[in-house]
Amino acid sequence: MNKEPETYEELIRYKRCVDLTIHYDLSKEELDKIYNYLATYPKAIIIGNDNSLTLNANVEPKIQPEVIMTKCIDGSIDGVKVTNDSFKIIPHYVPSSSSGYSGGSSSNNNNNNNNNNNNNNNR
Amino acid sequence: MNYKYIHLLYVPTMACNMCCKYCYLEDNTVDDGTKYKPLETLEYAIKKFKDNNVIPFNISLHGGEVTTLSKNDFYDLIKFISNYYNDNKKIICDGGFKIGNPHIKTNMYNLEKHIDTIKEFNVSISGSLDLPLSLHDEYRITKGNQKTLKKILDNIALLKDIPNKKKVSATIFKEHYNYIDEIIEDIKFLHKNTCLDMNDFNFMIGFDYNSNGILHHITEKEQIEFYNRMHKEFDGTDLDYGVNGPWFDEFGPEYCTNCYNCGEKFFLLEKNGDIYSCVRGQKNPNYYYGNIYKNSVEEILNTAKTKIFINHNKQPLNEECTKCGYLYLCKTGCPFVKNNYNSNKSYTCQLQQVMYKDRNFLKDEFNDEFVYEYVKKMRLEDKDKYIPSRKQTDYSTLEELIKQDKNLKYIYDNDSFILKIDNQEYHLGSQIIKKSRDIIYITPNSKIEIWMKKNMINEMCDYPENNSLYIMLLSGDLVTYGDENRTKQRHIATHQIYKGVLDNGKQDDEYYVYNIKNMIDNYKSEYSFDKPNNIFFTTSALRDYHYTKQKNNAYYHIQAINLPFQNIEFYYLDKELKK
Numbered sequence: 058m059n060k061e062p063e064t065y066e067e068l069i070r071y072k073r074c075v076d077l078t079i080h081y082d083l084s085k086e087e088l089d090k091i092y093n094y095l096a097t098y099p100k101a102i103i104i105g106n107d108n109s110l111t112l113n114a115n116v117e118p119k120i121q122p123e124v125i126m127t128k129c130i131d132g133s134i135d136g137v138k139v140t141n142d143s144f145k146i147i148p149h150y151v152p153s154s155s156s157g158y159s160g161g162s163s164s165n166n167n168n169n170n171n172n173n174n175n176n177n178n179n180r
Numbered sequence: 151m152n153y154k155y156i157h158l159l160y161v162p163t164m165a166c167n168m169c170c171k172y173c174y175l176e177d178n179t180v181d182d183g184t185k186y187k188p189l190e191t192l193e194y195a196i197k198k199f200k201d202n203n204v205i206p207f208n209i210s211l212h213g214g215e216v217t218t219l220s221k222n223d224f225y226d227l228i229k230f231i232s233n234y235y236n237d238n239k240k241i242i243c244d245g246g247f248k249i250g251n252p253h254i255k256t257n258m259y260n261l262e263k264h265i266d267t268i269k270e271f272n273v274s275i276s277g278s279l280d281l282p283l284s285l286h287d288e289y290r291i292t293k294g295n296q297k298t299l300k301k302i303l304d305n306i307a308l309l310k311d312i313p314n315k316k317k318v319s320a321t322i323f324k325e326h327y328n329y330i331d332e333i334i335e336d337i338k339f340l341h342k343n344t345c346l347d348m349n350d351f352n353f354m355i356g357f358d359y360n361s362n363g364i365l366h367h368i369t370e371k372e373q374i375e376f377y378n379r380m381h382k383e384f385d386g387t388d389l390d391y392g393v394n395g396p397w398f399d400e401f402g403p404e405y406c407t408n409c410y411n412c413g414e415k416f417f418l419l420e421k422n423g424d425i426y427s428c429v430r431g432q433k434n435p436n437y438y439y440g441n442i443y444k445n446s447v448e449e450i451l452n453t454a455k456t457k458i459f460i461n462h463n464k465q466p467l468n469e470e471c472t473k474c475g476y477l478y479l480c481k482t483g484c485p486f487v488k489n490n491y492n493s494n495k496s497y498t499c500q501l502q503q504v505m506y507k508d509r510n511f512l513k514d515e516f517n518d519e520f521v522y523e524y525v526k527k528m529r530l531e532d533k534d535k536y537i538p539s540r541k542q543t544d545y546s547t548l549e550e551l552i553k554q555d556k557n558l559k560y561i562y563d564n565d566s567f568i569l570k571i572d573n574q575e576y577h578l579g580s581q582i583i584k585k586s587r588d589i590i591y592i593t594p595n596s597k598i599e600i601w602m603k604k605n606m607i608n609e610m611c612d613y614p615e616n617n618s619l620y621i622m623l624l625s626g627d628l629v630t631y632g633d634e635n636r637t638k639q640r641h642i643a644t645h646q647i648y649k650g651v652l653d654n655g656k657q658d659d660e661y662y663v664y665n666i667k668n669m670i671d672n673y674k675s676e677y678s679f680d681k682p683n684n685i686f687f688t689t690s691a692l693r694d695y696h697y698t699k700q701k702n703n704a705y706y707h708i709q710a711i712n713l714p715f716q717n718i719e720f721y722y723l724d725k726e727l728k729k
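Protein sequence lines, in the order shown, are assigned to chains A and B. Going by the numbering used here, the first residue of the first sequence is number 58, and it counts up by one from there. Going by the numbering used here, the first residue of the second sequence is number 151, and it counts up by one from there.
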């Protein structure tokens, strides 16, 4: 991206855009476009689907959304929703004919039973 | 080779020899005087498409009125299309499509002019008539205000000995519907007295658009009455095949109107190189995809998909459609008509439902997975609302187990913990129950407080004084260890904040408030920058109860094998760390 973030607000916006590249195939120009869109429209909503990112300014009067045709490259998700306040990931839903639901959790983490923390001495 | 197959309507001329009173093209039915010859643009487009691995599996000529072309231009076009089908037979068939004959959509008024070409190439004809025929002569007149029906019927007679497909279609507006008995008689007349294949006839249901105020649409109830009347009249006759098939096929699942995104498959090319969605979208900027002479094929295809996606999303998704078991067939209908009516469902919804039922299409009573698939592909609505619930049949789901054991409630509920970062509130949910993941971004400037409902300190606890707010910090970095060799997020720290501290700190009537900024900052060098880190909240007592439940209930254990507590994922952004 062209922009070198200076404030923390810009740094967060920058990082959100960079994080989009984990999930979508985006060029530098497209990332700049998304960054500038979020900077221009404080209430903007970016919706990521299977093969597109839609940039909705979320202003009144309404303006035509912009669509970036791109490929979702992360098979573990079904989409994203990005605003200036949030970054939401929709994990991939595995249809019932397949082996099961991938769930909303990140991939790991259970201490699966407890005594490895040495901090439960007051139980 | 990986080809993309498209359906291409080609408009070699905008000129028309008729002046139908309700024509949607209004004043556009004159040749646009472009510098390109009719064949030149089609040849150019086909080559450019093919160079980009885009193969029209069907090329149909549309108007304007194609028969206004000179004999030579018409002949050259038809010959080109015929040769195209022959030369590309294998590619088209490999894509699962049948090879047809050159096909024209025509008003049939000047058909005799091109009868030799039609014979030579066995051109398939799709004509337009108004039914009842008495209205044809009223509405479908020449530019010199002359009636056209007799000449058209004479021209149809010329097709008698040609083994081509010859069909007609008629659009039904209120003005036609009022003469339903006449329509029936005229269908019988055409079937008996002409060479038209009336089993291949089709109705279109008119919608209000550019008809100069002359025609008015029929209601959905009238659409069904019309459909039922046709069945009553023709079921079991030698037009049984038609009335149960092609006559109403336009409202079936095979047509463009029922695609996910018709912009991926259907294109209309004009002689000047302009490309639109289709006849409905012709000359409308919202359905203009570019110009074959000016834009790359990639640009045109992307614009097509994009515009149709946007057009489908101009109105919010109709919740009735998400509950309709036929969404998998209908996909809410044609975006052009929906937007024309400022509606979000198909204008023939009721008719389609009756027709699907009559044609033995199964209603998907458990359509949540299809709805989610549709939303995922084609909608801008929040997807999490449509994510189907997990289904298991052989043992209780986690949600059922939580309902059965009230003691589990606070390990999983969405109301007990609120994380407040600067001015944002995040109501935390269990990471294994919630259907989406929120990622937050924390900086050294962030003010971070966890708000915990006061009752939590008493839940599942005999001695609340000995209970604590239990906070677990995990890195996004993974580690594999232990007897089971599982890969997990690496633990960074666990903090317990006892009741005494919470009692003495900030609080309101309902919540304890604890500032975790320093705790988060303390571990800043431990966080992953590339993968989201994780912070969980519960109480020591609830955490103990979770593990006790795991020991006692295998079904609970296997479904709550990952940490179940309320959580949020985060990145820690520090300008210095970034450097």
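C-beta: ideal position from N, C-alpha, C; glycine also.
Cα-Cα separation between residue i and residue j, rounded to whole angstroms
i	j	result
residue 152/B	residue 196/B	17 Å
residue 253/B	residue 341/B	21 Å
residue 426/B	residue 189/B	18 Å
residue 286/B	residue 357/B	18 Å
residue 594/B	residue 157/B	57 Å
residue 370/B	residue 501/B	7 Å
residue 154/B	residue 91/A	29 Å
residue 410/B	residue 480/B	9 Å
residue 208/B	residue 248/B	9 Å
residue 400/B	residue 140/A	41 Å
residue 463/B	residue 651/B	52 Å
residue 166/B	residue 214/B	5 Å
residue 92/B	residue 276/B	Absent from the model: residue 92/B. The displayed extent of chain B is 151 to 729, so no value can be given.
For residue i, the three-state DSSP class (helix, strand or coil)
i	result
residue 277/B	strand
residue 575/B	strand
residue 150/A	coil
residue 158/B	strand
residue 231/B	helix
residue 129/A	strand
residue 364/B	coil
residue 689/B	strand
residue 716/B	strand
residue 156/A	Any answer about residue 156/A is weak, because its pLDDT of 37 lies below 50 and its placement is not dependable; what the coordinates show is given next. Coil at residue 156/A, not helix or strand.
residue 440/B	strand
residue 511/B	coil
residue 89/A	helix
residue 675/B	helix
N- and C-terminal bounds of the beta strand (DSSP E) containing residue i
i	result
residue 618/B	618–631
residue 113/A	109–113
residue 181/A	The requested residue 181/A is not part of the displayed model; chain A covers only 58 to 180.
residue 707/B	Here residue 707/B belongs to no beta strand (DSSP E); instead the alpha helix (DSSP H) covers 704–709.
Nearest-angstrom Cβ-Cβ length linking residue i and residue j, presumed shorter than 8 Å
i	j	result
residue 417/B	residue 454/B	7 Å
residue 492/B	residue 599/B	Not quite, the Cβ-Cβ distance comes to about 45 Å (not below 8 Å), so this is no contact.
residue 106/A	residue 136/A	6 Å
residue 267/B	residue 224/B	6 Å
Interface flag, residue i vs chain A, CB-CB below 8 Å
i	result
residue 522/B	yes
residue 672/B	no
residue 759/B	No answer is possible for residue 759/B: it lies beyond the span of chain B, which begins at 151 and ends at 729.
residue 227/B	no
residue 588/B	yes
residue 534/B	yes
residue 368/B	no
Chain B contact for residue i (CB, 8 Å cutoff)
i	result
residue 106/A	yes
residue 116/A	no
residue 155/A	Reliability fails at residue 155/A, whose pLDDT of 46 lies under 50, so the model's placement of it is uncertain and no value is given.
residue 65/A	yes
residue 152/A	yes
residue 127/A	no
residue 112/A	no
residue 143/A	yes
residue 77/A	no
Extent of the continuous alpha helix (DSSP H) run through residue i
i	result
residue 508/B	499–508
residue 267/B	265–271
residue 58/A	Note, residue 58/A: premise wrong, no alpha helix (DSSP H); not H, not E.
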